[in-house]
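Q: One structure follows; several queries about it will come next.
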Amino acid sequence: MGEYAIEMNNIHKHFPGVYALKDVTLKLRRGEVLALLGENGAGKSTLMKILSGVYSSDEGEIYINGQQCHISSPSDSRNLGIGTIYQELCLVPNMMIWENFFLGIEKVSLGLRKIQIKEMRNKTKEVLESLGLDIDPSSKVSSLSIAQQQMVEIARAISFNAQIIIMDEPTSSLTTKEVEKLYELIGRLKKNDISIIYISHRMEEIFKITDNVLVMRDGETVGTHITSKTNKDELISMMVGRVVEKYYTKNNHATKEKILEVNDLTTVYNKNVTFDLYKGEILGLTGLMGAGRSELSRALFGIDEILSGTILLNGKAILIKNPRDAIANGLALVPENRREQGLIIRNNFGFNITLQVLNQILHNFKLDRKKETLIIGSFKKNLNIQAFSEKQKVMNLSGGNQQKIVLAKWLATDPIVLILDEPTRGVDVGAKAEIYTIMNQLTEKGVSIIMISSELPEILNMSDRVAVMSRGTIVTIFENMDDVNQQVIMNYSLH
Amino acid sequence: MKNDQKFFQQNPFFTFFRHNAGVLLGVVGLCIIMSFASPYFMTKANILNVFMQISTNTIAAFGMTLVILTGGIDLSVGSLQALTGMTVAVLITNLGIPVPLAVLIGILVGLACGLFNGTIIAFTKMPEFIVTLAMMTIARGLAYIVGDGKPTRVSDDSFNQLGAGFLGPIGLPIIYMFVIMALLWYFLNRTKTGRHIYAVGGNKEAALYSGISIAKVQIIVFSLSGLLSGFTGVVLTARMYTGQPAIGNGAELDAIAATVLGGTSMAGGAGTLGGTLIGALIIGIMGNGLNLLNISSFMQMVVKGFVILVAVFIDTFRKKSSKGI
């Protein structure tokens with residue numbers, strides 16, 4: 056056995072028109088947690104897809120436990136002891152946990168080839184218990200929380216005797232408490248000499264749980280650092296290839312002019328939500344997952360039915376029964392999940408940006424191409440959207456660019472109140488900084504922003520005021536940012 | 019040079035050719051093969067004949083294309099043709115209603131059934147497949163009830179001219195086809211609702227979050243599909259001088275075949291009317307060619323099935339390989 060669980064040497068990969076991986080080298084020791092860091096499009100996913108057998112490399116060698124091997128399909132990868140936990144979970148919701156564990160590799164008896172339910176269930180139970188998960192193997196996956204489902208996926212990988220586990224942004228949909236559980240689980244896996252490749256954009260996590268950090272940029276490895284001997288600024292400048300001078304751009308543009316007054320708003324998910332929003336301010340809205348933040352945005356935007364309460368815009372009561380009412384009143388919502396809720400992903404970039412302002416480019420059955428190009432071009436330039444043509448399909452763009460397109464689509468409507476739900480989730484560092492700059496420019500122009508976020512650094516650095524939600528309602532609003540820190544937010548979140 | 023490139027990229031005709039290269043080659047290939055196989059094939063009379071034969075299927079397929087673009091499906095097309103055809107025939111022959119009024123009522127019956135489909139789908143959220151399957155049976159039953167189960171002959175010549183008439187050398191149904199295509203092209207590409215159709219099919223949830231009324235879009239596309247089915251029912255009846263309760267059997271499947279051959283994604287969100295026209299042409303040319311070669315209609319069904327499989331396979335394959343990352 057060699058020193059490393061995995062050694063990938065001089066990996067090259069071309070796609071039509073793209074040199075995706077250039078001479079990439081990755082070494083992972085047994086029992087090591089290696090962070091893989093890089094902006095979207097840096098080649099992290101491609102590299103991991105080579106390990107998980109989705110792609111094969113054009114050149115290069117892969118050694119597992121010192122043995123050279125070829126991974127040409129996902130089942131090869133699995134047989135070599137590599138388990139991949141994708142960002143989107145890959146369990147069948149309507150099946151039981153044990154059924155999912157053995158999907159495609161069901162145990163059958165000799166002779167009659169009857170499936171051996173009891174044996175599979177027991178084996179599943181064993182694995183779940185070994186990881187300290189107290190979940191009944193016969194419960195349906197759909198009855199589990201997202202975090203539990205993720206744990207189950209990790210357990211499933213372990214049940215294939217995975218020695219190497221790849222986790223792609225595993226915490227992106229977990230609450231703080233659930234993240235702690237995941238850390239515990241990772242600690243336990245390490246003790247069993249299982250190696251982990253951990254992809255994440257969240258710096259705090261990387262410093263908390265990884266041993267080493269491998270940074271990639273533009274398909275190349277920039278370098279590997281021992282996590283405890285580096286710092287955030289160093290990693291960020293490695294990722295973007297330059298020193299990011301100012302990450303958060305924030306000037307105070309808040310006024311005392313009330314734009315929006317929400318009184319006692321109640322829906323199926325929210326109860327008695329009351330808050331004001333001032334012109335030009337950024338109101339940070341935070342809390343744990345499930346506290347009702349996104350639901351509040353859905354209510355304000357007319358997607359969830361408002362059962363009682365009033366909304367006043369510029370002092371006048373408004374009635375919002377559907378998203379059209381909200382838009383007509385100058386509200387805009389950049390939703391949490393851009394691929395599912397924000398974009399027509401298979402359509403092109405221009406189509407998506409102009410979707411809200413078709414009135415401006417289509418009159419009397421004529422398409423005003425000049426105007427269309429003008430709108431698209433100005434947003435492309437102002438938001439620095441990296442696409443080679445307006446006809447490029449949105450799904451082929453990076454997460455940061457996709458997010459900017461959703462933003463552009465709503466900015467085109469000239470909103471008075473902009474609701475941003477997790478505006479920088481899954482967005483790389485460079486684009487994140489750009490989004491913060493855009494937010495700052497908007498408030499300067501007098502737009503009021505409600506920013507929903509689980510990332511406390513973002514909340515602390517970008518907000519003028521912070522509202523904390525818990526169990527469907529706003530429990531407190533901090534009027535003065537000096538009073539706010541991670542600790543007090545957590546206290547109120549657990550209210 | 020750069021300008022040239024831009025022209026080729028942006029000119030809608032070239033874009034169309036690039037996107038439909040596969041099926042277009044199919045049409046050309048078929049024409050070449052057929053013209054060798056039968057000297058009669060490449061004559062003006064026969065080409066007009068092919069267009070005449072595909073006209074009603076193409077019009078119905080345009081409606082189907084709208085529905086499939088939103089991610090739906092309409093199985094009631096054929097039955098609605100029968101119902102509207104019978105309605106018109108009975109109104110004229112049995113009740114002596116003037117032709118224009120009868121035609122209007124007939125088409126409105128199609129529209130009403132489509133509106134019913136769309137409304138039920140939009141507000142109960144029942145699957146399109148099931149709702150239109152139910153309508154397929156209901157309308158077929160009504161078609162038999164209206165005429166007491168018997169074909170109804172229409173001897174009014176002005177009515178029959180609607181289907182059998184000519185403008186110069188060109189049959190009226192061919193003209194209907196192109197006029198409807200032009201109108202729908204404008205609707206799809208130059209109106210808000212048109213773009214909303216693509217958005218709803220591309221991603222329903224994102225459409226909802228964008229303030230698009232999904233219910234409205236669904237009601238509109240199903241109503242249009244019903245309207246066009248009704249119209250084709252009237253034209254078919256006029257062409258045959260008879261209301262037949264059994265016409266349009268399986269017409270929805272032909273419409274789906276033309277749509278899919280034309281490159282419209284069954285998942286919705288992508289496709290063009292021009293593609294559908296080409297899809298219908300392929301089916302039409304093949305049927306015509308096989309007829310000229312005296313191949314039995316049973317064999318033609320087998321061939322048609324395989325052609326659909328192969329054409330869509332080529333398309334799927336091409337899309338996969340051009341995807342890249």
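Top to bottom, those sequences are chains A and H.
Under this note's numbering, think of the first position of the first sequence as 56, with each following residue one higher.
Under this note's numbering, think of the first position of the second sequence as 19, with each following residue one higher.
The beta-carbon is built from N, C-alpha and C at its ideal position, and this holds for glycine as well.
Because the structure is a prediction, the values reported are computed rather than measured.
Should H:Asn347 be labelled buried (16 or more other beta-carbon atoms within 10 Å of its own) or exposed?
A: In the structure as shown, chain H starts at 19 and stops at 343, and residue 347 of chain H therefore has no counterpart that could be examined.
Q: Quick one: list the residues of chain H neighbouring A:Ile399, beta-carbon separation under 8 Å, in chain order.
A: Tyr216, Ala217, Gly220, Asn221, Ala224, Ala225, Gly287
Q: What residues of chain A sit near H:Ser243, judged by a beta carbon separation below 9 Å?
A: In chain order: nothing, as chain A lies at least about 21 Å away.
Q: Expressed to the nearest angstrom, what Euclidean distance is found between the alpha-carbon atoms of A:Met545 and A:Thr282?
A: A:Met545 and A:Thr282: Cα-Cα distance of roughly 26 Å.
Q: One question on the structure: do A:Tyr324 and A:Thr310 come within less than 8 Å of each other, judged by their Cβ atoms?
A: no
Q: Quick one: list the residues of chain H neighbouring A:Val395, beta-carbon separation under 8 Å, in chain order.
A: Note that residue 395 of chain A corresponds to Glu in the displayed sequence, not to Val. By Cβ distance, chain H contributes Asn221, Glu223, Ala224.
Q: If you compare alpha carbons, which of A:Gly405, A:Met271, A:Leu338 is closest to A:Asp476?
A: For A:Asp476, the nearest C-alpha among the options comes from A:Leu338.
Q: Could one say the Cβ of H:Thr209 lies closer than 8 Å to chain A's Cβ atoms, at least one of them?
A: Any Cβ of chain A closer than 8 Å to the Cβ of H:Thr209 would place that residue at the interface, and such an atom is present.
Q: For H:Ala256 and H:Ile123, I'd like the C-alpha separation in whole angstroms.
A: Approximately 15 Å, taken between the alpha carbons.
Q: What first and last residue would you give for the alpha helix (DSSP H) that runs through A:Phe404?
A: 404 to 409
Q: Taking the alpha carbon of H:Leu10 as the point to measure from, which residue in H:Val117, H:Gly305, H:Val95 has its own alpha carbon closest?
A: The question about residue 10 of chain H has no answer, for chain H in this structure spans 19 to 343.
Q: Can you name the residues that DSSP bridges to A:Tyr118?
A: A:Glu62, A:Gln123
Q: Could you confirm whether any beta carbon from chain A is found closer than 8 Å to the beta carbon of H:Gly280?
A: no
Q: Within 8 Å (strictly less), CB to CB, does H:Ser231 reach chain A?
A: Residue contact with chain A for H:Ser231: present (Cβ-Cβ distance below 8 Å to some residue of chain A).
Q: What first and last residue would you give for the alpha helix (DSSP H) that runs through A:Thr231?
A: 231 to 246
Q: Please decide whether H:Arg158 counts as near chain A, where near means a Cβ-Cβ distance under 8 Å.
A: Judged by the 8 Å Cβ criterion, H:Arg158 is not in contact with chain A.
Q: Between which two residues does the beta strand (DSSP E) holding A:Tyr74 run?
A: Residues 73 to 84.
Q: Could you confirm whether any beta carbon from chain H is found closer than 8 Å to the beta carbon of A:Gln415?
A: no
Q: Got a sec, what are the start and stop residues for the alpha helix (DSSP H) A:Asp483 sits in?
A: No alpha helix (DSSP H) holds A:Asp483; DSSP gives it neither H nor E.
Q: Spatial neighbours of H:Leu160 within its chain, please: CB distance less than 7 Å, with the 5 preceding and 5 following residues excluded, ordered by chain position.
A: Leu101
Q: Under a CB-based cut-off of 8 Å, is A:Gln447 close to chain H?
A: no
Q: Using a 10 Å radius around the Cβ and a threshold of 16 neighbouring Cβ atoms, would you call H:Thr88 buried or exposed?
A: buried
Q: Rounding to the nearest angstrom, what Cα-Cα distance links H:Gly342 and H:Asn67 in this structure?
A: In this prediction, H:Gly342 scores a pLDDT of 38, lower than 50, which makes its location untrustworthy; the coordinate-derived value is nonetheless stated afterwards. C-alpha separation (whole angstroms): 43 Å.
Q: Where DSSP assigns a beta bridge to A:Glu316, which residues make up the other side?
A: A:Asp331, A:Leu367
Q: By DSSP, does A:His308 sit in helix, in strand, or in coil?
A: coil
Q: DSSP puts A:Lys448 in a beta bridge; with which residues?
A: A:Asn403
Q: Who are the Cβ neighbours of A:Phe533 in its own chain at under 7 Å, not counting the five residues just before and after it?
A: Arg520, Val521, Val539
Q: I need the DSSP call for A:Ile507, collapsed to helix, strand or coil.
A: Here A:Ile507 sits in strand by DSSP.
Q: Decide if A:Glu58 is buried, meaning its Cβ has at least 16 other Cβ atoms within 10 Å, or exposed.
A: exposed
Q: Closest to H:Ile300 by CA distance: which of H:Val46, H:Gly181, H:Gly212, H:Val85 is it?
A: Looking at H:Val46, H:Gly181, H:Gly212, H:Val85, the one whose alpha-carbon comes closest to that of H:Ile300 is H:Val46.
Q: DSSP three-state call for H:Lys20: helix, strand or coil?
A: Since pLDDT at H:Lys20 reaches only 46, below the 50 mark, its modelled position is unreliable, and the value read off the structure follows with that caveat. Reduced to three states, the DSSP call for H:Lys20 is helix.
Q: Using a beta-carbon distance below 8 Å, is H:Ser228 in contact with chain A?
A: yes
Q: With 16 as the cutoff for other CB atoms within 10 Å, does H:Met19 come out buried or exposed?
A: Model confidence at H:Met19 stands at a pLDDT of 42, short of 50, so the residue's coordinates are unreliable; what they give is reported in the following sentence. It counts as exposed.
Q: Identify the contact partners of H:Arg213 in chain A, using a Cβ-Cβ distance below 9 Å as the criterion.
A: Phe406, Thr409, Leu410, Leu413, Leu417
Q: Look at the Cβ atom of A:Val147, then the Cβ atom of A:Val196, and state whether they are nearer than 8 Å.
A: Annotated as proximal: A:Val147 and A:Val196, with beta-carbon spacing under 8 Å.
Q: Counting only Cβ pairs nearer than 9 Å, list the residues of chain H close to A:Phe420.
A: Tyr204, Phe205, Arg208, Thr209
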